[in-house]
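First residue of the sequence shown: 14, per the numbering used here; consecutive thereafter. So the structure is just underneath, and the comments pick up after that.
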Amino acid sequence: MQIIGLSKVNKIEIIQELAVIVNQAFPGPDGYPTLEIARVEVLESLGEERVSLVAIDEQGKVAGWIGAIETYKGNAYELHPLVVREDQRGKGIGKLLVEALEERVRELGAMTMYLGTDDVDNGTNIYGKDVYPDPLSHAQGLESTNNHPMAFYRKLGYVVVGIFPDANGFGKPDIFMAKRIGQI
Ligand SMILES: CC(C)(COP(=O)(O)OP(=O)(O)OC[C@H]1O[C@@H](n2cnc3c(N)ncnc32)[C@H](O)[C@@H]1OP(=O)(O)O)[C@@H](O)C(=O)NCCC(=O)NCCS
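As structure tokens, then:
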């Protein structure tokens, strides 16, 4: 498995493969419901103030993709997106991608990596709940109940720093997580 910058690969084929993987992973209306929408997302990751890394397997095929967006004048980067090809999940590729991204973003001088991970599909113990008037207490007790990616990020050292109640409709929050990756 090789992890390289998307800007350094044979683009047209790889971008098409990535679009398929992204579309298959997030086919819903809140995701990338068509190949064209997915392709635009891939192309946008080549822009300035972005980091975009792709995992290529032994057959030269795309196994996964991760990106980050510079925010807060480079002090913090938002991890977005992350996807591993469906038949390649559970083999440590997601972890490898996150670690490679952290290394790259650390080199760029950032202190923090953060991300938002939505619960639109009954993946956590706050799905469907009215979290007001105390959303922070719900954030503190958050647990994955159905393979939600927050458990994956937790394993890699990310902690819940807040929730955005009803971000995707009632009871469907966005969950914010962060990790210090730089030196104090
Ligand atoms: C989430 C995702 C990127 C994880 O990638 P992956 O390659 O399957 O994960 P890894 O094999 O590197 O897993 C690393 C560790 O996290 C654990 N893990 C992975 N996904 C998990 C989940 N959904 N819930 C709990 N633990 C999980 C693994 O068991 C492994 O644990 P271990 O180190 O104790 O063995 C992948 O499932 C994916 O692409 N999902 C669809 C897209 C998506 O949800 N992206 C994130 C949007 S915020």
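All C-beta atoms, glycine included, are put in the ideal place defined by N, C-alpha and C.
- Judged by DSSP in its simplified three-state form, residue 148 adopts helix.
- Between the alpha carbons of residue 55 and residue 31 lies a gap of roughly 7 Å.
- Nearest in C-alpha terms to residue 134, of all of 24, 39, 101, is 39.
- The region 109–119 makes no contact with the region 145–162, as fewer than three CB pairs between them are under 8 Å.
- Secondary structure remark: continuous beta strand (DSSP E) runs of at least 3 residues inside the region 63–111, in chain order: 63–69, 75–84, 89–97.
- Per DSSP, residue 180 is not a residue of any alpha helix (DSSP H), being assigned neither H nor E.
- Contact between residue 96 and residue 34 holds: their C-beta atoms lie close to 6 Å from each other, under 8 Å.
- A Cβ-Cβ distance of about 6 Å is found for the pair residue 68 and residue 106, placing them in contact under the 8 Å criterion.
- When distances are taken from the beta-carbon of residue 128 to the heavy atoms of ligand 1, the shortest one is below 8 Å.
- In this structure, residue 195 sits near residue 123, with a CB-CB distance shorter than 9 Å.
- Residue selection by CB proximity (closer than 6 Å to any heavy atom of ligand 1) returns 38, 95, 96, 97, 102, 103, 104, 105, 106, 107, 108, 130, 157, 160, 162, 164, 165, 168 in chain order.
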